[in-house]
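S.K.: Can you read through this structure? Questions will come right after.
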Amino acid sequence: MKKLLFFVILPLLLMSCNTTTTNIVIPLKEFGPSSYSEDLLGYAFWQWNNHGDSRPREYDINIVVYRNTTLEKVSKQYPVIEAKEQDYRYISYDEIMPYLNQTIKEFSAIKENVFPLYTEQLTETKKKIVDALGE
Amino acid sequence: MKFSDFAVEKMLDMYKNHSNQVGIKVKQAHPEKYKNYVSMDCITYVLTVLKYAYEKVGDPNSQTVFSDGIAPSGHFKGKYVGMILAEKLVKQRHWDAIYVNPDVVHPVDALQEHNFTYYQANKLCRYHKVPVKYTAVNYNTTAKTHENFQELVPHRGETKLNRVDYDMLKKIKFGLGMSKGGTHTWLFSKGYVFEVHWENTAPTLYEKSPLDTFGYLDSIIMVPPDGKSFIALDALKCSKTKKP
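Given below as structure tokens:
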């Protein structure tokens, strides 16, 4: 009976642990300095404007990283709504991972090591994505 | 008169005379109330001044100043973006960019991005994608009594104040400024920032303030070719080895 439980229930338990998540939402600021990320993720001000405010402020911009789903589906799930200042940008797992790997590599190579926060942040962002969407 | 003279002329005229203008955000919120007003924002101010100056000096390409800043592709395709204009001014029209930052070690808001843009300017001679030739930094350093002092870099003492380079900036007759990667665009003359606040009406629609008290920290000031002789700063080493 114990063997039966082991061979039947354990696989079921493991299956339930398998990721079914198809996206993860992460703030833009966790993708490194904007001078690095803007080509891929856009500028660090609202996407419905062509510039930002005249006084410095934070923009609550979020990046939806998706895998095993479509852009159409995630953009419906996380719509951009100007009136609510809801700014989502979408990027596939396959596009963002090379960026993260390359950027982490570049920051790690800076001899002065004056930007440990960026290196830590980018590594953490990569971990979040891998944890949610897999290797 | 040269390009910079015309630019300053228009910049000051708009700064002093704008009773028929209102911030674009105000007009969007109250279209009926302000239907007879011209809407204004930071980029419109900059573009109006540049186009006026280019036309006055008879630049045959003056009509392209606006399209120079239009994003050809990507997220802002078809929209006007300041950093695209900035890149073209430097690469195609031979303007020089000066990186400015009041404290490159202890930014008053404790955000690492200001230190990083300095690193990029100093080592790589660029600000985002804009080639940078000079820096003028540490002209308003964060006091050790400030709550954010050493928040970012704990082991470093107070940054040494450098007012010499800042005083050099006061000799520049006209410049075009961009902050935080084009988030805000402004004009510059003899140490002062001239800007538009899109959420305001007169008398606070336009503002003139000294650069050292300007709200944005890391920025670039681009100087047109006729103003280059007033830049009494040492060119960055990397600018001598890199093509613009």
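Same order as they appear, the protein sequences are chains P and Z.
If you're matching positions, the first sequence starts at 3 in this note's numbering and goes up one per residue.
If you're matching positions, the second sequence starts at 1363 in this note's numbering and goes up one per residue.
The C-beta atom is built at its ideal place from N, Cα and C for all residues, glycine as well.
This structure is a prediction, so every number in the text was calculated from the model and none was measured.
1) In the structure shown, what three-state DSSP assignment does Ala1459 (chain Z) receive?
2) Would you say Asn64 (chain P) lies against chain B (beta-carbon separation less than 8 angstroms)?
3) Given that a residue counts as buried once 16 or more other Cβ atoms are within 10 Å of its Cβ, and exposed if not, what is Met1402 (chain Z)?
4) By how many angstroms is the C-alpha of Gln49 (chain P) removed from the C-alpha of Ser36 (chain P)?
5) Could you spell out where the beta strand (DSSP E) holding Tyr1416 (chain Z) opens and where it closes?
6) Report the CB separation of Gly1589 (chain Z) from Phe1550 (chain Z) in whole angstroms; it is logged as a contact under 8 angstroms.
7) What does a CB cutoff of less than 6 angstroms around Tyr1480 (chain Z) pick up in its chain, not counting 5 residues either side in sequence?
8) Alpha carbon to alpha carbon, how far is Pro1393 (chain Z) from Lys1413 (chain Z)? Give it in angstroms, no decimals.
9) Might you give, ordered along the chain, the residues of its own chain that have their beta carbon closer than 7 angstroms to the beta carbon of Pro1606 (chain Z), omitting 5 neighbours on each side?
10) Quick one: is His1468 (chain Z) buried, meaning 16 or more other Cβ sit within 10 Å of its Cβ, or exposed?
11) With a threshold of 8 angstroms between beta carbons, is His1476 (chain Z) in contact with chain P?
12) Examine chain Z for any beta-carbon lying closer than 8 angstroms to the beta-carbon of Val132 (chain P), and answer yes or no.
13) Quick one: what's Tyr1496 (chain Z) bridged to in DSSP?
14) So, does the CB of Arg69 (chain P) fall closer than 8 angstroms to a CB anywhere in chain Z?
15) Since Tyr120 (chain P) meets chain Z, which of its residues come closer than 8 angstroms, beta carbon to beta carbon?
16) Excluding sequence positions up to five away, which residues of its chain have a Cβ less than 8 angstroms from the Cβ of Leu1567 (chain Z)?
17) On a CA-only basis, which of P:Lys107, P:Ile28, P:Phe117, P:Gly136 is nearest Val67 (chain P)? Give me that one, please.
18) With DSSP as the reference, please indicate the residues paired to Arg1488 (chain Z) in a beta bridge.
M.R.: Let's see:
1) As a first step, residue 1459 (chain Z) must be located in the second sequence, where it is residue number 97. Ala1459 (chain Z): strand per DSSP, three-state reduction.
2) No chain B appears in the structure shown, which is made up of the protein chains P and Z.
3) Against the second sequence, residue 1402 (chain Z) aligns to sequence position 40. The residue in question, Met1402 (chain Z), is buried, as its Cβ has 16 or more Cβ neighbours within 10 Å.
4) Here residue 36 (chain P) is taken as the residue at index 34 of the first sequence, counted from 1. Here residue 49 (chain P) is taken as the residue at index 47 of the first sequence, counted from 1. Computed Cα separation, rounded: 14 angstroms.
5) What you label residue 1416 (chain Z) is simply residue 54 of the second sequence in a count that begins at 1. Taken as a continuous stretch (DSSP letters only), Tyr1416 (chain Z) belongs to no beta strand (DSSP E), being part of the alpha helix (DSSP H) at 1404-1418.
6) Indexing the second sequence from 1 puts residue 1589 (chain Z) at position 227. Indexing the second sequence from 1 puts residue 1550 (chain Z) at position 188. With a Cβ gap of about 10 angstroms, Gly1589 (chain Z) and Phe1550 (chain Z) do not count as contacting.
7) Mapped onto the second sequence, residue 1480 (chain Z) falls at position 118. So the list reads Asn1463, Val1466, once near-sequence residues are dropped.
8) Counting from 1 along the second sequence, the entry for residue 1413 (chain Z) is found at position 51. Counting from 1 along the second sequence, the entry for residue 1393 (chain Z) is found at position 31. Answer to the nearest angstrom: the Cα atoms are 27 angstroms apart.
9) Locating residue 1606 (chain Z) in the second sequence gives position 244, counting from the first residue. Caution applies to Pro1606 (chain Z), whose pLDDT of 45 falls short of 50 and renders its modelled position unreliable; the model cannot decide the point.
10) One-based indexing of the second sequence puts residue 1468 (chain Z) at position 106. So His1468 (chain Z) ends up on the buried side.
11) Taking the second sequence and counting its residues from 1, the one referred to as residue 1476 (chain Z) is at position 114. Nearest CB-CB separation between His1476 (chain Z) and chain P: not below the 8 angstroms threshold.
12) Here the question's residue 132 (chain P) lines up with position 130 in the first sequence. No, Val132 (chain P) does not count as interfacial toward chain Z.
13) Residue numbering aside, residue 1496 (chain Z) sits at position 134 when the second sequence is read from its first letter. Residue pairing for Tyr1496 (chain Z): DSSP places it in a beta bridge opposite Z:Ile1460.
14) Taking the first residue of the first sequence as 1, we reach residue 69 (chain P) at position 67. For Arg69 (chain P), the answer is no, since every Cβ of chain Z falls outside 8 angstroms of its Cβ.
15) Here residue 120 (chain P) refers to the residue found at position 118 of the first sequence. The contacting residues are Gln1474, Phe1478.
16) Position 205 of the second sequence, counted from the first residue, corresponds to residue 1567 (chain Z). The residues are His1380, Gln1383, Val1384, Gly1385, Met1402, Val1558, His1559.
17) For this step, residue 67 (chain P) is matched to residue 65 along the first sequence. Ranking the options by Cα distance to Val67 (chain P), first place goes to P:Ile28.
18) Start at 1 with the first residue of the second sequence, and residue 1488 (chain Z) comes out as number 126. Per DSSP, the beta bridge partners of Arg1488 (chain Z) are Z:Pro1493.
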